[in-house]
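**Q**
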Amino acid sequence: MIELTNEAIIQLLENQKRDRWKNVRLGITGGGCAGFEYVFDSSNDDGTTDDVVLPFGKFNVLVDKMSVPYLSGMTLDFVTEGLNKVFKFINPKEEASCGCGVSINFNLDKVETDKNKIFAVEL
40 MIELTNEAII QLLENQKRDR WKNVRLGITG GGCAGFEYVF DSSNDDGTTD
90 DVVLPFGKFN VLVDKMSVPY LSGMTLDFVT EGLNKVFKFI NPKEEASCGC
140 GVSINFNLDK VETDKNKIFA VEL
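Taking my numbering, the leading residue of the sequence shown gets 40, the next gets one more, and so forth.
(1) Where do the N-terminal and C-terminal ends of the alpha helix (DSSP H) with A47 fall, by residue?
(2) Under 8 Å between the Cβ atoms of G86 and L101?
(3) Is the beta carbon of L65 closer than 8 Å to that of F98?
(4) In three-state terms, what does DSSP make of L65?
(5) Taking the alpha-carbon positions, what's the D84 to N144 distance?
(6) On the DSSP bridge list, what partners appear for P108?
(7) DSSP three-state call for V150: helix, strand or coil?
(8) Just to confirm, are K124 and V150 a CB contact at a threshold of 8 Å?
(9) Can you list, in chain order, the residues of its chain whose CB lies under 8 Å from that of F75, leaving out five sequence neighbours each side?
(10) DSSP three-state label for T87, please.
(11) Taking 8 Å as the cut-off, decide whether the C-beta atoms of L147 and F128 are in contact.
(12) Which residues in the same chain have their Cβ closer than 7 Å to the Cβ of C72, if we skip the five residues on either side of it in sequence?
(13) On the DSSP bridge list, what partners appear for V141?
Written out as structure tokens, the structure reads:
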């Protein structure tokens with residue numbers, strides 16, 4: 040399951056109205072000093088057969104199947120950090136992050152191995 044807080048949904052809807060995109064893509068990719076980085080981007084496509092599509096009202100969250108076990112149980116929030124407002128990934132499977140805050144590593148014991156896990160989405 041991936042959750043979006045009300046604050047995240049409100050901000051995504053504002054961004055969608057301003058930037059005119061259809062969906063949000065979440066995932067992970069290799070990179071950075073800790074090993075992985077989150078993928079978080081707007082998208083005008085409807086996903087591929089390699090994506091899990093999670094409906095959130097006026098937009099969908101697209102997650103590639105390889106990222107599913109890393110993101111299952113994650114919450115996307117929109118928070119104030121100092122003078123900035125930012126989207127924040129809250130993921131209980133994160134083990135460490137680098138000093139820059141972009142690169143992360145996972146506790147592989149917590150990462151689920153079922154690549155076809157079906158998400159239940161709660162709003």
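The C-beta atom is built at its ideal place from N, Cα and C for all residues, glycine as well. The model shown is predicted, which means the values in this text are computed figures rather than measured ones.
**A** The structure says:
(1) That run of the alpha helix (DSSP H) goes 45-58.
(2) Taking 8 Å as the Cβ cut-off, G86 and L101 qualify as a contacting pair.
(3) No, these two residues do not count as a Cβ contact at 8 Å.
(4) In the displayed model, L65 falls within a strand according to three-state DSSP.
(5) Taking the straight line joining both Cα atoms gives about 29 Å.
(6) Beta-bridge pairing links P108 to no other residue.
(7) Annotated three-state conformation of V150 is coil, per DSSP.
(8) Going by C-beta atoms, K124 is not nearer than 8 Å to V150.
(9) Excluding the 5 residues flanking it on each side, F75 has same chain C-beta neighbours closer than 8 Å at I67, T68, G69, Y109, S142, I143, N144, F145, in chain order.
(10) It is coil, neither helix nor strand.
(11) The Cβ atoms of L147 and F128 do not sit closer than 8 Å to each other.
(12) Taken in chain order, the residues that qualify are C137, S142.
(13) Residue pairing of V141 in beta bridges, as defined by DSSP: absent, with no partner found.
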